[in-house]
Amino acid sequence: MKMQGQNKNDKLPTNRHVVDFDDIDPENAKLHRSKRIKSNVKKGGIAALGLVKTLVYLAAVILVSVILAFNIISIVNDVYAFDDDKDISVTIDFKEGTSLSEAAKLLKKEGIIKHPFVFKLYAKREIKNSKYYTGEIVSGPVTFTYKADDKDVEFDEDSPINYIQLTKDEDVSRKPLNYDRIVSMIAVSSYKARETVRVTIPEGYTVDEIIELLTSNGVGQKQDYIDAIQNHDYNYRFVKEIQENPDRKYRLEGYLFPDTYEFFTDENEISVINKMLSNFQVKFEDIYYERAAQLGMSVDDLVILASILEKEAKNPADLPLMSSVFHNRLKSSMRLDSDATVVYLLDERKVTLTTEDLAIDSKYNTRKYKGVPPGAISNPGIEAINAAFYPETTKYYYFLTPTSGETVYSRTEGEHNAAKDKARSEGKLAS
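Anchor point for the sequence shown: position 8 equals 8 in my numbering, and the numbering is continuous, going up by one each time.
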């Protein structure tokens, strides 16, 4: 229904209020623009303030991160003593009943550590989780030393108890003062310091003489040594190549390398024997195996020969020539005729052998049987071993060592008998 008088092109009125700024009073327009500017400034200020807060937050995060990183690095350096660059020698007297916390404070005060709280946590864990400590702090003076110039020296750290033993013969100050070492110095050990003894085994000693020497020094028991020598399975090539022989007196005779050793007085017999075998292994280079093959002999036979040379030679300079005599005899199927092999069978060493001695029926008696004996008759040194493997090239088949000590070598039996007659006439031969 169309309302009367309304043009169809006329628009209906709306609720929007349209403002024509040309119709507004200039003062009102100015006020309106001022409000808009203030509104924009306010919004900009809020944004700027937010940016400042963000920057402050980031700066705080970075600062905290730097501080944390610095402290972490400092703690790591303290724990492992990475930055030890100066000599230290400080003695702290720990009173009886000192707690771990008190000990940490003392260590900090004396400049041994930098982080007592961290040290306390570390030490507490180590002491609790280790079988080596009783949980108590030592009482009495403890000297903490470190030499910066020796920082790169390596130490065996299989057990903290090593430090106790090292104080006897090694300069422990070469070990950096890290937390492990400090704990080992201030924590009461659950083990007693093991007593040691130094034993020198001369070249040419027999197994029986070595056992007597060891037991007289309070190291091991005779029967346990015999069992360790005869039955234990040692992982060395030269031991594995020893052929079983019922006539052999001691399986490892010849391989207990003569040297000066330090043993714990409570050390077990297998460990003692293994130290000597290990020493032999170090001295006995691979080239000796190759040389044995060149000579067409076993390593064991050559070690047996070396043990005979060790007993026969009064002068080390004679070893290569004596070796040539024995090698020449072996090649010609002659008996070795070594009196030393007979002496090995006797209860006591003799200068002059009797007819009965020389007639002893034993494979060790090279006056009676050809070839090398079933086992070594002593434990030779490296010079005798080297001479057995590398004899001089000669045509000698005999040698005579008068009481004067100068060995005479001969190519024939006639020359040898003449040398004996001469020495006897000069009073230089016992019989």
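Where a beta carbon is used, it is the ideal one built from N, C-alpha and C, also for glycine.
Task: Glu356 versus Tyr364, Val342, Gly371, residue with shortest Cα-Cα distance - done: It is Val342.
Open item on the list: Here's the rule: buried if 16 or more other CB atoms are within 10 angstroms of the residue's CB, otherwise exposed. What is Arg329?
Closed with: Burial of Arg329 is indicated by the presence of at least 16 other C-beta atoms within 10 angstroms of its C-beta.
Task: Rounded straight-line distance, which links the Cα of Lys370 to that of Phe280 - done: Distance between the alpha carbons of Phe280 and Lys370 is about 28 Å.
TODO: Using the Cα positions of Lys131 and Ile186, report the straight-line distance between them to the nearest angstrom.
DONE: The alpha-carbon of Lys131 is positioned some 15 Å away from that of Ile186.
Open item on the list: Relative to the C-alpha of Gly220, which candidate in Thr206, Ile273, Lys175, Glu203 has its C-alpha closest?
Closed with: Selected option, being the one with the closest Cα: Ile273.
Task: Cα-Cα separation between Leu134 and Lys120, rounded to whole angstroms - done: What sits at residue 134 in the sequence shown is Thr, not Leu. Between Thr134 and Lys120, the C-alpha separation is close to 16 Å.
- [ ] Count the C-beta pairs between the stretch 260-271 and the stretch 210-220 that are closer than 8 Å, then say yes if the count reaches three, no if not.
- [x] The stretch 260-271 makes contact with the stretch 210-220: 3 or more CB pairs, one atom from each, lie closer than 8 Å.
Task: Top-ranked residue by Cα proximity to Lys283, from Ser298, Glu244, Tyr236 - done: It is Tyr236 whose Cα lies nearest to the Cα of Lys283.
- [ ] Could you check the C-alpha separation between Tyr344 and Ile377 for me, to the nearest Å?
- [x] Put simply, the backbone Cα of Tyr344 is about 6 Å away from that of Ile377.
TODO: Using beta-carbon positions only, say whether Val183 and Glu269 come within less than 7 Å of one another.
DONE: It is not a contact, given that the beta carbons lie outside the stated cut-off.
Task: Given Ala388 as reference, the closest of Thr54, Ile112, Leu302, Met297 once Cα atoms are compared - done: Among Thr54, Ile112, Leu302, Met297, the Cα nearest to that of Ala388 belongs to Leu302.
Open item on the list: Please return the same chain residues whose Cβ sits closer than 7 Å to the Cβ of Ala423, not counting the five positions on each side in sequence.
Closed with: Cβ within range, chain order: Leu400, Pro402, Leu429.
Task: Secondary structure of Val219, DSSP reduced to three states - done: In this structure, Val219 counts as coil in the three-state DSSP scheme.
Task: Whole-angstrom distance between Glu110 and Phe144, CA atom to CA atom - done: For Phe144 and Glu110, the distance between alpha carbons rounds to 10 Å.
TODO: Name the two residues that bound the continuous beta strand (DSSP E) containing Glu406.
DONE: Segment: none, Glu406 is in no beta strand (DSSP E) and carries neither H nor E.
Open item on the list: I'd like to confirm the pairing. Which residues does DSSP put opposite Asp93 in its beta bridges?
Closed with: In the DSSP assignment, the residues bridged to Asp93 are Pro141.
TODO: Go ahead and pull the three-state DSSP assignment for Leu400.
DONE: Strand, per DSSP.
Task: Glu96 beta carbon less than 7 Å from that of Ser440 - done: For residue 440 there is no data in the structure shown, the boundaries of the chain being 1 and 431.
Task: Selected residue, minimal CA-CA separation from Thr91, among Ile360, Ala292, Ile112 - done: Cα-wise, what sits closest to Thr91 is Ile112.
Open item on the list: Can you check which of these residues, Pro202, Asn71, Glu102, is closest to Ile382 by C-alpha distance?
Closed with: Considering only alpha carbons, the answer is Pro202.
Task: Val118 in three-state terms, based on DSSP - done: Helix.
- [ ] Determine the DSSP secondary structure at Thr433, reduced to helix, strand or coil.
- [x] Residue 433 lies beyond the stretch modelled for the chain, which goes from 1 to 431, so this question has no answer here.
Task: Limits of the alpha helix (DSSP H) - the one that Ser278 falls within - done: According to the DSSP assignment, Ser278 belongs to the alpha helix (DSSP H) that extends over 269-283.
Open item on the list: Assuming contact is defined by CB atoms lying nearer than 7 Å, are Asp247 and Lys363 in contact in what I supplied?
Closed with: Cβ atoms of Asp247 and Lys363: closer than 7 Å.
- [ ] Report the rounded CA-to-CA distance for Gly375 versus Ile229, giving the unit in angstroms.
- [x] When rounded, the separation of the alpha-carbon atoms in Gly375 and Ile229 is 13 Å.
- [ ] With DSSP as the reference, label Gly50 as helix, strand or coil.
- [x] Collapsing the DSSP output to three states places Gly50 in a helix.
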